[in-house]
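Chains Z and S, in that order, are what the protein sequence lines are. Using our numbering, the first residue of the first sequence is number 13, and each one after it goes up by one. Using our numbering, the first residue of the second sequence is number 2, and each one after it goes up by one. Ideal Cβ placement from N, Cα and C applies to all residues, glycine included. Since the model is a prediction, treat every value here as computed from it, not as a measurement. To keep things clear, I will list the structure first and then write my remarks on it.
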Amino acid sequence: MKLLEVRGLEKSFTDRKRVFRAVKGIDLTLSEGECLGIAGESGCGKSTIANMVARLLKEDKGEIFFEGRKINEGKKLTCVGRRLQMVFQSPKDSFDPRYSVLRSVMMGADSYHIYAKEDLEKRAREMIEYVGLKASYADKPVGRLSGGECQRAAIARALLCEPKMIIFDEATSALDVSIQAQILQLMKRLKEERGVAFLFITHDLAAASSICDRLAVMYAGRIVETGRTKEILKKPAHPYTRQLLSAVLPLKTDGSYELLLVQKYREPCEAGCDYYASCPKAEDACRENVLEYETCGQRQVLCRRGI
Amino acid sequence: MLSIEKLYVSYGTLPVVQNVSMRVEDGEIVSVVGESGCGKSTMLQAILSLEPAASVTKGRILLDGEDLTKMGKKDLRKIRGMRAAMIFQNAALSMDPMKKISHLFYETVHMHRPEVKKEDCLQEACRLMEKIRLYDAERILNSYPFELSGGMCQRVAIAAAMMNHPSLILADEPTSALDVTAQAEVVRLMGSLREDFHTSMLVVTHNMGVAAQLADKAAVMYGGSVVEFGTVEEVIYHPGHPYTRALLKAVPEMNGTVPEGIGGMPREFGIRRERCGFAPRCPYAEDRCSVSFPGRKELSETHWIHCCVQEEERR
Chain Z
13 MKLLEVRGLE KSFTDRKRVF RAVKGIDLTL SEGECLGIAG ESGCGKSTIA NMVARLLKED
73 KGEIFFEGRK INEGKKLTCV GRRLQMVFQS PKDSFDPRYS VLRSVMMGAD SYHIYAKEDL
133 EKRAREMIEY VGLKASYADK PVGRLSGGEC QRAAIARALL CEPKMIIFDE ATSALDVSIQ
193 AQILQLMKRL KEERGVAFLF ITHDLAAASS ICDRLAVMYA GRIVETGRTK EILKKPAHPY
253 TRQLLSAVLP LKTDGSYELL LVQKYREPCE AGCDYYASCP KAEDACRENV LEYETCGQRQ
313 VLCRRGI
Chain S
2 MLSIEKLYVS YGTLPVVQNV SMRVEDGEIV SVVGESGCGK STMLQAILSL EPAASVTKGR
62 ILLDGEDLTK MGKKDLRKIR GMRAAMIFQN AALSMDPMKK ISHLFYETVH MHRPEVKKED
122 CLQEACRLME KIRLYDAERI LNSYPFELSG GMCQRVAIAA AMMNHPSLIL ADEPTSALDV
182 TAQAEVVRLM GSLREDFHTS MLVVTHNMGV AAQLADKAAV MYGGSVVEFG TVEEVIYHPG
242 HPYTRALLKA VPEMNGTVPE GIGGMPREFG IRRERCGFAP RCPYAEDRCS VSFPGRKELS
302 ETHWIHCCVQ EEERR
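Here is the structure:
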């Protein structure tokens with residue numbers, strides 16, 4: 013049984029009578045203890061997916077199963093509960109700055125009544141140390157912490173609920189490289205020691221590649237390529253994946269590096285491929301074809317040109 | 002072009018930037034890298050006295066031989082935007098949301114060259130925008146900042162900064178609010194502006210990739226001081242300071258391994274520079290590191306570090 017299964021997820025937003033289709037039919041699966049990265053540029057709908065899975069946003073269409081149970085029934089947004097937790101992009105905004113670290117960390121677990129009162133505080137203090145914060149930080153107000161420390165506290169808060177899965181929504185993009193590396197190290201430890209599954213949402217393929225087992229590359233509300241991280245990095249099949257990979261500026265160049273810029277080659281088309289307008293390799297046929305995934309093992313590509 | 006000599010900047014009594022010296026030559030791009038809170042932005046803002054709370058306590062900042070620290074407010078206003086322009090981290094926030102983009106361009110020019118007519122100014126803006134691959138110039142000029150995407154706003158801000166053809170651009174984290182695609186675009190754009198206008202740039206960034214691709218020289222800052230300075234090749238391929246090495250190791254390498262990171266937390270402010278700031282986190286630290294601040298050690302003509310541990314001892 014898959015831990016998370018998403019089928020045909022769709023969502024559109026209306027802004028001044030203009031309908032914007034943010035997510036256009038997404039299928040995803042996540043096994044226990046696995047880390048799936050969703051990568052794509054701003055506005056491609058990756059955070060919308062995260063919010064729908066975490067039940068912060070209601071979908072228009074589609075089904076979401078978590079631990080085999082359908083979680084998107086009924087009119088109201090139902091709380092998924094302690095098994096699915098989320099860590100947000102802006103660490104400081106996800107806390108009340110006046111609360112102490114201890115109180116903030118306890119808050120989630122407290123609302124689910126997982127532990128007895130006395131037990132809760134002890135475990136919270138242990139958790140604060142587990143994520144790499146000093147024990148003395150427990151009584152500091154959250155507002156006094158730096159960005160990286162806040163993000164650790166957010167992870168501690170999520171972990172205290174003993175989740176099966178944590179959604180990281182751009183959790184490392186606001187941090188410095190050195191702090192990002194520390195958080196990635198912590199995530200790796202969680203994966204190994206606690207078997208927590210991650211949904212890691214990011215625009216930075218470099219960060220995603222270091223921790224994720226599988227990657228899904230999104231463009232304009234659709235997943236254009238998915239597969240094992242190593243395979244995608246080695247041989248990206250979709251032209252958009254190639255462009256996204258080239259946007260990661262390398263430290264050392266061996267001469268093979270070439271920056272592929274977003275260019276508008278032709279007018280966009282309604283029916284065909286979303287990437288048609290900016291695709292360097294599009295043909296006339298890309299205008300008309302309603303695309304279907306080409307599958308090869310774990311690899312799936314949404315491109316007429318195939319794998 | 003720009004020469005910073007033994008600069009000390011404090012917030013009140015809190016020393017933030019301590020003894021920073023560096024030079025930006027004509028048409029050269031120098032990037033300043035380091036973690037959050039290392040004082041790199043404070044140093045940059047002190048150049049044009051943009052942060053009222055921060056005051057230069059010692060040292061000189063020479064722009065074409067003129068000392069900016071001794072200049073009055075009126076003279077500084079003449080330099081800001083004309084001879085030295087600034088690009089901020091969040092371009093959309095640095096623009097007036099009530100005014101259209103066309104006003105931004107006109108204001109920039111009118112401030113320094115009141116004789117230029119509005120039509121001429123906007124025509125110039127269109128030409129400039131085309132150069133940086135913003136093809137929809139007419140529409141952009143008639144938009145408000147919030148109607149544009151983050152990457153577009155940043156490029157518009159760069160175009161506006163170039164309006165008076167300044168000889169120096171100061172950029173404070175110009176790409177860190179953008180996603181990687183927009184970041185790559187901005188980096189290429191800044192490189193091409195240097196080719197076209199021969200502009201010098203001082204770019205503050207925490208992204209090592211941006212520094213590697215954009216700059217000619219790099220300064221690594223830690224705890225308010227520059228600990229390493231050299232050409233980009235020297236700093237990235239042959240880093241001398243243990244901090245630079247740790248920082249480079251923290252960059253994800255796209256080969257499926259999790260980067261190492263640096264143990265411990267960045268140093269806090271308010272500590273006087275009596276010893277090496279990195280010593281508590283440094284794997285090679287010795288007793289003498291916590292006694293005095295290490296002197297400058299030249300590794301080559303253009304490359305120097307502040308570290309007292311010998312090269313041979315580190316291996």
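### Query
Hey, does Z:Ser59 have any beta-carbon neighbour from chain S nearer than 8 Å?
Translated into the one-based positions of the first sequence, residue 59 of chain Z becomes position 47. Taking 8 Å as the threshold, the shortest C-beta distance from Z:Ser59 to chain S does not fall below it.
### Query
Is there a Cβ from chain S that is less than 8 Å from the Cβ of Z:Ser190?
On the first sequence, position 178 is the one that residue 190 of chain Z refers to. Between Z:Ser190 and chain S, the shortest Cβ-Cβ separation is below 8 Å.
### Query
Nearest chain S C-beta to Z:Lys247 closer than 8 Å, yes or no?
As a position in the first sequence, residue 247 of chain Z is number 235, starting the count at 1. Judged by the 8 Å Cβ criterion, Z:Lys247 is not in contact with chain S.
#### Entry: Cβ-based burial, Z:Gln275 [other Cβ within 10 Å; buried from 16]
Start at 1 with the first residue of the first sequence, and residue 275 of chain Z comes out as number 263. By the Cβ-count criterion, Z:Gln275 is exposed, with fewer than 16 other Cβ atoms from all chains shown falling within 10 Å of its own Cβ.
### Task
Could you pull out every residue in the same chain whose Cβ sits closer than 8 Å to the Cβ of Z:Pro153, ignoring the five residues on either side in sequence?
To locate residue 153 of chain Z, count along the first sequence from 1; it is residue 141. Correct list, in chain order: Pro109, Arg110, Tyr111, Ser112, Val113.
### Query
Within 8 Å (strictly less), CB to CB, does S:Ser37 reach chain Z?
Residue numbering aside, residue 37 of chain S sits at position 36 when the second sequence is read from its first letter. Yes - at least one Cβ of chain Z is within 8 Å of the one on S:Ser37.
#### Entry: Unbroken beta strand (DSSP E) run spanning S:Asp197, endpoints
The residue you call residue 197 of chain S lines up with position 196 of the second sequence. Annotation for S:Asp197: no beta strand (DSSP E) segment contains it, though the alpha helix (DSSP H) segment containing it runs 181-198.
### Task
Find out if the Cβ-Cβ distance for the pair S:Ser56, S:Val10 is shorter than 8 Å.
Counting from 1 along the second sequence, the entry for residue 56 of chain S is found at position 55. Counting from 1 along the second sequence, the entry for residue 10 of chain S is found at position 9. Yes, they are a contact pair.
### Message
Can you check whether the C-beta of S:Lys131 is within less than 8 Å of a C-beta belonging to chain Z?
### Response
What you label residue 131 of chain S is simply residue 130 of the second sequence in a count that begins at 1. The identity of residue 131 of chain S in the sequence shown is Glu, whereas the question assumes Lys. Not one chain Z Cβ lies under 8 Å of S:Glu131.
### Query
Helix or strand or just coil, what does DSSP make of S:Met112?
Within the second sequence, numbered from 1, the residue matching residue 112 of chain S stands at position 111. The answer is helix: DSSP assigns S:Met112 an H, G or I state.
### Query
Which value, in whole angstroms, describes the spacing of the CA atoms of S:Glu261 and Z:Ala193?
Residue mapping note: residue 261 of chain S aligns to position 260 of the second sequence, counting from 1. Residue mapping note: residue 193 of chain Z aligns to position 181 of the first sequence, counting from 1. Going from the Cα of S:Glu261 to the Cα of Z:Ala193 covers about 6 Å.
### Query
Taking the runs of the beta strand (DSSP E) that are 3 residues or longer, which of them lie wholly in the region 36-79 of chain S?
Fully contained in the region 36-79 of chain S are the following beta strand (DSSP E) runs of length 3 or more, in chain order: 55-64.
### Message
So that I know if they touch, is there some Cβ in chain Z lying closer than 8 Å to that of S:Gly317?
### Response
With chain S represented from 2 up to 316, any question about residue 317 of chain S goes unanswered, as that position is not in the structure.
### Query
Given that a residue counts as buried once 16 or more other Cβ atoms are within 10 Å of its Cβ, and exposed if not, what is S:Val292?
As a first step, residue 292 of chain S must be located in the second sequence, where it is residue number 291. Under the 10 Å beta carbon count, S:Val292 is surrounded by fewer than 16 other beta carbons and is classified as exposed.
### Query
Can you list, in chain order, the stretches of the beta strand (DSSP E) that have 3 or more residues and sit fully within the region 219-274 of chain S?
Secondary structure remark: continuous beta strand (DSSP E) runs of at least 3 residues inside the region 219-274 of chain S, in chain order: 226-232.
### Query
From Z:Leu172 to S:Glu139, what does the alpha carbon distance come to, in whole angstroms?
Counting from one through the first sequence, the residue named residue 172 of chain Z turns up at place 160. Counting from one through the second sequence, the residue named residue 139 of chain S turns up at place 138. If you take the alpha carbons of Z:Leu172 and S:Glu139, they lie about 54 Å apart.
### Query
By Cβ distance, which residues of its chain are closer than 8 Å to Z:Ser102, with the 5 residues on each side in sequence left out?
For the purposes of this step, residue 102 of chain Z is taken as the residue at position 90 of the first sequence. Within the same chain, Z:Ser102 has close Cβ partners Ala186.
#### Entry: For Z:Cys224, the nearest candidate out of Z:Ile126, Z:Thr241, Z:Thr184 (CA to CA)
Numbered from 1 along the first sequence, position 212 holds the residue referred to as residue 224 of chain Z. Among Z:Ile126, Z:Thr241, Z:Thr184, the Cα nearest to that of Z:Cys224 is on Z:Thr241.
#### Entry: the region 240-260 of chain S: positions lying closer than 9 Å to chain Z by Cβ
Interface annotation for the region 240-260 of chain S against chain Z: Ala247, Leu248, Leu249, Lys250, Ala251, Val252, Pro253, Glu254, Met255, Asn256, Gly257, Thr258, Val259, Pro260, criterion Cβ-Cβ distance under 9 Å.
### Query
Name the residues in the region 108-142 of chain Z whose C-beta lies less than 7 Å from a C-beta of chain S; which are they?
Here the close residues number zero.
### Query
With burial defined as no fewer than 16 other Cβ atoms inside 10 Å of the residue's Cβ, what is the status of S:Phe230: buried or exposed?
Residue 230 of chain S sits at position 229 when you count from the first residue of the second sequence. So S:Phe230 ends up on the buried side.
### Task
Could you tell me how far apart the beta carbons of S:Leu8 and S:Ala54 are, in whole angstroms, since I believe they sit closer than 8 Å?
As a working note, residue 8 of chain S is residue 7 in the second sequence. As a working note, residue 54 of chain S is residue 53 in the second sequence. Incorrect: roughly 16 Å between the Cβ atoms, too far for contact.
### chain Z contacts from the region 199-217 of chain S (Cβ-Cβ distance under 8 Å)
Cβ contacts with chain Z come from His207, Asn208, Met209, Gly210, Val211, Ala213, Gln214.
### Query
Hey, is S:Glu186's beta-carbon within less than 8 Å of any beta-carbon in chain Z?
As a position in the second sequence, residue 186 of chain S is number 185, starting the count at 1. The beta carbon of S:Glu186 sits closer than 8 Å to some beta carbon of chain Z.
#### Entry: Cβ-based burial, S:Phe147 [other Cβ within 10 Å; buried from 16]
As a first step, residue 147 of chain S must be located in the second sequence, where it is residue number 146. When all chains shown are included, S:Phe147 counts as exposed.
### Query
Does the distance from the C-beta atom of S:Leu64 to that of S:Leu3 stay below 8 Å?
Position 63 of the second sequence, counted from the start, is the residue given in the question as residue 64 of chain S. Position 2 of the second sequence, counted from the start, is the residue given in the question as residue 3 of chain S. In this structure, S:Leu64 sits near S:Leu3, with a CB-CB distance shorter than 8 Å.
### Task
With a threshold of 16 other CB atoms inside 10 Å of the CB of S:Lys74, please say whether the residue is buried or exposed.
The sequence position of residue 74 of chain S within the second sequence is 73, counting from 1. Under this definition S:Lys74 is an exposed residue.
### Query
When Cβ atoms are compared, which residues of the region 144-162 of chain S fall closer than 9 Å to chain Z?
Per Cβ criterion, the list reads Ser150, Gly151, Gly152.
### Message
Using 8 Å as the threshold, is the C-beta distance between Z:Lys73 and Z:Glu22 below it?
### Response
Translated into the one-based positions of the first sequence, residue 73 of chain Z becomes position 61. Translated into the one-based positions of the first sequence, residue 22 of chain Z becomes position 10. In this structure, Z:Glu22 lies closer than 8 Å to Z:Lys73 by Cβ.
### Message
Looking at Z:Gln197: is its Cβ nearer than 8 Å to the Cβ of Z:Ala183?
### Response
For the purposes of this step, residue 197 of chain Z is taken as the residue at position 185 of the first sequence. For the purposes of this step, residue 183 of chain Z is taken as the residue at position 171 of the first sequence. Going by C-beta atoms, Z:Gln197 is not nearer than 8 Å to Z:Ala183.
### Query
Would S:Asp173 count as contacting chain Z if we go by Cβ distances under 8 Å?
Reading the second sequence from its first residue, position 172 is the one you call residue 173 of chain S. No, no contact with chain Z.
#### Entry: Continuous alpha helix (DSSP H) assignments of at least 4 residues falling wholly in the region 179-267 of chain Z
Listed in chain order, they are 189-206, 217-223, 241-246, 251-258.
### Message
For the beta strand (DSSP E) containing S:Val25, name the first residue and the last one.
### Response
For this step, residue 25 of chain S is matched to residue 24 along the second sequence. First-last of the beta strand (DSSP E) with S:Val25: 15-25.
### Query
Once you ignore the five residues that flank Z:Leu217 on each side, which residues in its own chain have a CB closer than 7 Å to its CB?
For the purposes of this step, residue 217 of chain Z is taken as the residue at position 205 of the first sequence. Same-chain partners within the cutoff: Ala51, Leu256, Leu257, Val260.
### Query
Looking at the C-beta of Z:Ser106, does it have a partner C-beta in chain S at a distance below 8 Å?
Within the first sequence, the letter at position 94 stands for residue 106 of chain Z. With respect to chain S, the C-beta atom of Z:Ser106 has no partner C-beta closer than 8 Å.
### Where Z:Val154 sits in the DSSP three-state scheme
The residue you call residue 154 of chain Z lines up with position 142 of the first sequence. Residue state, collapsed to three classes: helix.
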